[in-house]
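In my numbering, the protein residues as written are 27 to 188.
By construction, the Cβ of each residue, glycine as well, lies at the ideal position given by its N, Cα and C atoms.
Since this is a predicted model, take the numbers as computed values, not measurements.
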Amino acid sequence: MGLLFIVAGLVGSIISGYILDLTHKFKETAFFICVASLITCLIFSGCLYVGHIWIQFLTIGIFGFFLTSFLPIGIEYGIEVTYPQSEAVCTCLLNASTMIFGIILTEMLSHILESEGPLSSNAALAVILFLCCVVANFITKDYKRSKKNVEIKSPVPSINIS
Numbered sequence: 027m028g029l030l031f032i033v034a035g036l037v038g039s040i041i042s043g044y045i046l047d048l049t050h051k052f053k054e055t056a057f058f059i060c061v062a063s064l065i066t067c068l069i070f071s072g073c074l075y076v077g078h079i080w081i082q083f084l085t086i087g088i089f090g091f092f093l094t095s096f097l098p099i100g101i102e103y104g105i106e107v108t109y110p111q112s113e114a115v116c117t118c119l120l121n122a123s124t125m126i127f128g129i130i131l132t133e134m135l136s137h138i139l140e141s142e143g144p145l146s147s148n149a150a151l152a153v154i155l156f157l158c159c160v161v162a163n164f165i166t167k168d169y170k171r172s173k174k175n176v177e178i179k180s181p182v183p184s185i186n187i188s
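Below, the structure is given as structure tokens:
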């Protein structure tokens, strides 16, 4: 299941990046992926007790498609709203915070999984994803890099003095 999660996430990252490149709707794309991750997490949690393994594989693939694709979309969004700052600095800080949060989340959810079981662990993950959706809703839509690119690409009006 882990391999399917990762491969589906790679495909999701490519597709969501392409959609983001076409639309330049960073906030909307990030919010949609966050909500879709939450919904598929809840569906996967419900499917844990279904006797058909193919349903679990299908839901974990869809879950991986959305959850893994959130990382590159979040990085692009972060670069967009912190424009005058270097892209490399922004990406490094976002990757470092992602790794630190991932370690904390893995340890926390592993402890819940061992002591309470898979349903409680998935419920905790769903709560965290819900909080991510709330936070993603309040992030600014001030796309500084896009504004600057439009300014650079727009022709400067010339004055014809005759």
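- First and last residue of the alpha helix (DSSP H) that includes residue 76? Secondary structure note for residue 76: it is in no alpha helix (DSSP H), with a DSSP letter that is neither H nor E.
- Item | Sequence-distant residues of its chain with Cβ nearer than 8 Å to residue 56 (five each side left out) | The beta carbon of residue 56 sits closer than 8 Å to those of 96, 99, 100, 103, 162, 165, all from its chain and outside the five residues before and after it, given in chain order.
- Task: Can you tell me which of the three DSSP states residue 59 falls into?
- Result: Helix at residue 59.
- Report the option in 169, 63, 77 whose CA atom is closest to the CA atom of residue 110. Looking at the Cα atoms, 169 is the closest of the given residues.
- Task: With a 10 Å radius around its C-beta and 16 neighbouring C-beta atoms as the bar for buried, classify residue 141 as buried or exposed.
- Result: By the 10 Å Cβ count, residue 141 comes out exposed.
- Item | Other residues of its chain near residue 46: CB distance less than 8 Å, five sequence neighbours each side excluded | Closer than 8 Å at the Cβ level, and outside the excluded window around residue 46, lie 52, 55, 99, 102.
- Message: Under DSSP, the alpha helix (DSSP H) around residue 43 begins and ends at which residues?
- Response: Start and end: 28-49.
- Host alpha helix (DSSP H) of residue 141 (start-end): For residue 141, the enclosing alpha helix (DSSP H) covers residues 113-142.
- Message: Just to check my reading of the structure: residue 117 and residue 105 have Cβ atoms closer than 8 Å, yes? What is that Cβ distance to the nearest angstrom?
- Response: That pair is a contact at about 7 Å.
- Query: When burial is assigned at 16 or more other CB atoms within 10 Å of the CB, is residue 127 buried or exposed?
  - Reply: Around the C-beta of residue 127, fewer than 16 other C-beta atoms lie within 10 Å, and the residue is accordingly described as exposed.
- Quick check: the stretch 30-43 against the stretch 144-152, are there 3 or more CB pairs under 8 Å? Segments in contact, no.
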